[in-house]
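Q: Its first residue numbered 530, the sequence shown is counted upward by one per residue in my numbering. Note that beta-carbon positions come from the ideal geometry of N, C-alpha and C, so glycine has one too. Take this structure first; my questions come after.
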Amino acid sequence: MITLLSRKRTSSLALAIALATGGAVVATAVFPAEAGAQRRDRDKEKDENDGGGYSTEFREIYLPLEELLKSENPDLTGVEARLEGLSGVLNTSDEKLAGGQMIYNTGTTLQDKALQLSGMEFMISSGQLPAENQGRYNFIAYQLADQLGQLPKARTYLQIAIEKNFTTEGITASGLRVTMMESFFSAGEYDAGFEYLRQAVATQKGQGLAVDESWYRRGLTVAYENEISPAVYQLAGMWLNDYPSATNWRDAANIARNLSDFQPAEILDLFRLSRRAGALIDEADYDYYVDVADARRLPNEVKAVIGEGKASGVIRESNLFISESLEIADRRIAADRSDLPALERDAMATSAGLRTVVAAGDAFLSYDQYGKAARFYERALNTPGVETNTVLTRLAISQVGMGDYTAARATFGRVTGTRSPIAMLWSAYTDQLIAQTPTTATAVPAPAPATAGTTE
Numbered sequence: 530m531i532t533l534l535s536r537k538r539t540s541s542l543a544l545a546i547a548l549a550t551g552g553a554v555v556a557t558a559v560f561p562a563e564a565g566a567q568r569r570d571r572d573k574e575k576d577e578n579d580g581g582g583y584s585t586e587f588r589e590i591y592l593p594l595e596e597l598l599k600s601e602n603p604d605l606t607g608v609e610a611r612l613e614g615l616s617g618v619l620n621t622s623d624e625k626l627a628g629g630q631m632i633y634n635t636g637t638t639l640q641d642k643a644l645q646l647s648g649m650e651f652m653i654s655s656g657q658l659p660a661e662n663q664g665r666y667n668f669i670a671y672q673l674a675d676q677l678g679q680l681p682k683a684r685t686y687l688q689i690a691i692e693k694n695f696t697t698e699g700i701t702a703s704g705l706r707v708t709m710m711e712s713f714f715s716a717g718e719y720d721a722g723f724e725y726l727r728q729a730v731a732t733q734k735g736q737g738l739a740v741d742e743s744w745y746r747r748g749l750t751v752a753y754e755n756e757i758s759p760a761v762y763q764l765a766g767m768w769l770n771d772y773p774s775a776t777n778w779r780d781a782a783n784i785a786r787n788l789s790d791f792q793p794a795e796i797l798d799l800f801r802l803s804r805r806a807g808a809l810i811d812e813a814d815y816d817y818y819v820d821v822a823d824a825r826r827l828p829n830e831v832k833a834v835i836g837e838g839k840a841s842g843v844i845r846e847s848n849l850f851i852s853e854s855l856e857i858a859d860r861r862i863a864a865d866r867s868d869l870p871a872l873e874r875d876a877m878a879t880s881a882g883l884r885t886v887v888a889a890g891d892a893f894l895s896y897d898q899y900g901k902a903a904r905f906y907e908r909a910l911n912t913p914g915v916e917t918n919t920v921l922t923r924l925a926i927s928q929v930g931m932g933d934y935t936a937a938r939a940t941f942g943r944v945t946g947t948r949s950p951i952a953m954l955w956s957a958y959t960d961q962l963i964a965q966t967p968t969t970a971t972a973v974p975a976p977a978p979a980t981a982g983t984t985e
């Protein structure tokens, strides 16, 4: 079962704040009647640095509107047209702030979001808002533009609100970034949404801050539900590097299986990753692994996996399929192991065919003899008719087993086609190993099968 977030949109309306939908946020009266004459005298002395003052044209439109709006039960017929005229004379910073307040508050009274947005934009552009309120007012502008479907404009204001560190009790900085992602996703602009997520992660980490797991989960859910590749695996890699739990690794493997038409050999290499990452967490995982490994072909690996499942208490003694597979593996291991020297000799011969060379690589990989496996896979790569992506995948797995993580990372990067998702997830795991200190890295060994051969 994939435990990701729902695709349901996180609407800006659900952000638990009544900014744009409540009452007026600023005082309506800008020119109290008793102070009007004093303001007119003072305004004559204002210069541009003080806000620019108020022009005659502004006063002629603004003051009658102010008186109308202040009156009890005002007749608002035609007020929108008069406000449009006011918008045309808002030139100075003072005029934009005062006129914007009037336009916004009237829009609130009329429940006219377009009018509210116009007023808010004038206030913001005035440059007169206190620093502590700039994030809040830009967030209001975002809400209004978003509700009006003006997405590019909404994103601009939301980004400013984020940059101004706007938060409330119900709105977190992380939540605002998720809201920005949703703005892209809800419009079907998936690539832009994923790019925003990547940039947000880089910014967060550049500031030494942890990345909220919900960022990854939301992006990954959108990519998964819309089957967007390779973004889904790129996001999975980012997610797993920061949150490498067994459950998350299992979800990532399930995503790859659900989105791809894998053959048994491909699923086997995906389960090998799950085994290393500790993501075999229920009996069905072990059943599937044992089935694709096949006790008749890879008895040592099957026996080792079953042993691990029983030791962890996940595999029940009553599991008949597992019991039968273990019996087959036990009967074949001795002969299989005794054949290894001859297989190695045949695969090393100059005349060795491709099938023999690859079979030798597969056999030694199943016995955790990674050095030998890698040599045979490297030789197979130069042979006509080779299934390049299969051999590259297993060469890289061998390199991981050898502890040569940098080489493994490069080899996984060469895998294309159907196996690309598997290689990308293995790369994410390899990145984790590379990021660890040498001491820690050596503390993450390959699985130790109960009857493994000598590891090179």
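Would you report the Cα separation of Asn783 and Asn620, rounded to the nearest angstrom?
A: It is roughly 59 angstroms from the alpha-carbon of Asn783 to the alpha-carbon of Asn620.
Q: Which value, in whole angstroms, describes the spacing of the CA atoms of Arg684 and Ser703?
A: 15 angstroms
Q: What does DSSP give as the partner residue(s) for Thr638 in the beta ladder?
A: None; Thr638 has no bridge partner.
Q: So the alpha helix (DSSP H) Ser758 belongs to, where does it begin and stop?
A: From DSSP, Ser758 is part of no alpha helix (DSSP H); its letter is neither H nor E.
Q: Could you please give the first and the last residue of the uninterrupted alpha helix (DSSP H) stretch that includes Val831?
A: 828 to 840
Q: Alpha carbon to alpha carbon, how far is Asp798 from Arg727?
A: 28 angstroms
Q: Rounded to whole angstroms, what is the Cα-Cα separation between Arg860 and Lys839?
A: 19 angstroms
Q: For Phe560, count the other beta carbons within 10 Å of its own beta carbon; 16 or more makes it buried, fewer makes it exposed. Which is it?
A: The pLDDT assigned to Phe560 is 33, lower than 50, so where the model puts this residue is not dependable, and the model offers no usable value.
Q: Mapping DSSP to helix, strand and coil, what is Ile653?
A: Residue state, collapsed to three classes: helix.
Q: Within 10 angstroms of its Cβ, does Ile963 collect 16 or more other Cβ (buried), or is it exposed?
A: exposed
Q: Hey, would you say Ile951 sits closer than 8 angstroms to Ala785, going by beta carbons?
A: yes
Q: Looking only at its chain, what residues have a beta carbon closer than 7 angstroms to the beta carbon of Ala889, apart from the 5 residues adjacent to it on each side?
A: Cβ neighbours of Ala889 beyond the five flanking positions: Leu872, Glu873, Ala876, Phe905.
Q: Assuming Trp744 and Arg706 form a contact by the criterion Cβ under 8 angstroms, report the distance between their Cβ atoms to the nearest whole angstrom.
A: 7 angstroms
Q: From what residue to what residue does the alpha helix (DSSP H) around Ser803 run?
A: 793 to 805
Q: In terms of residues, what are the limits of the alpha helix (DSSP H) holding Val944?
A: Premise fails: Val944 is in no alpha helix (DSSP H) and is neither H nor E.
Q: Under 8 angstroms, do Gln928 and Asn770 count as touching if we go by C-beta distance?
A: no
Q: Please return the same chain residues whose Cβ sits closer than 6 angstroms to the Cβ of Gly932, not counting the five positions on each side in sequence.
A: none
Q: Give me the Cα-Cα distance between Val834 and Leu849, rounded to the nearest whole angstrom.
A: 16 angstroms
Q: Ignore the nearest five residues each way along the sequence and tell me which others in Met649's own chain have a CB closer than 6 angstroms to its CB.
A: Taking Met649 as the centre and dropping the five residues before and after it, the same chain places the C-beta of Tyr633, Ile669, Ala670 closer than 6 angstroms to its C-beta, in chain order.
Q: If you draw a straight line from the alpha carbon of Asp897 to that of Arg938, how long is it in whole angstroms?
A: 19 angstroms
Q: In the DSSP assignment, find the alpha helix (DSSP H) that holds Thr919 and state where it starts and stops.
A: 917 to 931
Q: Whose C-beta lies closer than 6 angstroms to the C-beta of Phe587 among residues of the same chain, with five residues either side of it excluded?
A: Non-local C-beta neighbours of Phe587 in its own chain, meaning closer than 6 angstroms and more than five positions away in sequence, comprise Val618, Glu624, ordered along the chain.
Q: Where does Thr550 sit, in a helix, a strand or coil, going by DSSP?
A: At Thr550 the pLDDT is 34, less than 50, meaning the model places this residue with poor confidence and gives no usable figure here.
Q: Within 10 angstroms of the Cβ of Arg884, are there 16 or more other Cβ atoms? Answer buried if so, exposed if not.
A: exposed
Q: For the alpha helix (DSSP H) that contains Asp790, what are its first and last residues?
A: Element bounds for Asp790: n/a, residue is neither H nor E.
Q: Roughly how many whole angstroms lie between the Cα atoms of Gly766 and Gly882?
A: One alpha carbon belongs to Gly766, the other to Gly882, and they sit about 37 angstroms apart.
Q: Which residues in the same chain have their Cβ closer than 7 angstroms to the Cβ of Lys693, if we skip the five residues on either side of it in sequence?
A: Gln663, Gly664, Asn667
Q: At what residues does the alpha helix (DSSP H) containing Pro870 begin and finish?
A: Element bounds for Pro870: 849 to 877.
Q: Using a threshold of 8 angstroms, state whether the C-beta atoms of Thr940 and Leu921 are closer than that.
A: yes
Q: So, Leu954 versus Tyr762, is the Cβ gap smaller than 8 angstroms?
A: Here Leu954 is near Tyr762, since their CB atoms are less than 8 angstroms apart.
Q: Taking Cβ to Cβ, would you say Arg805 is nearer than 8 angstroms to Tyr958?
A: Against a cut-off of 8 angstroms, the Cβ pair of Tyr958 and Arg805 comes out as a contact.
Q: Which partner residues does Thr708 have in the DSSP bridge list?
A: According to DSSP, which records beta bridges pairwise, Thr708 is partnered with nothing at all.
Q: What does DSSP give as the partner residue(s) for Leu697 in the beta ladder?
A: Position check: residue 697 holds Thr in this sequence, whereas Leu was assumed. Note: Thr697 sits in a beta bridge opposite Ile700.
Q: Please state whether the Cβ-Cβ distance between Tyr994 and Met710 is less than 8 angstroms.
A: Residue 994 lies beyond the stretch modelled for the chain, which goes from 530 to 985, so this question has no answer here.
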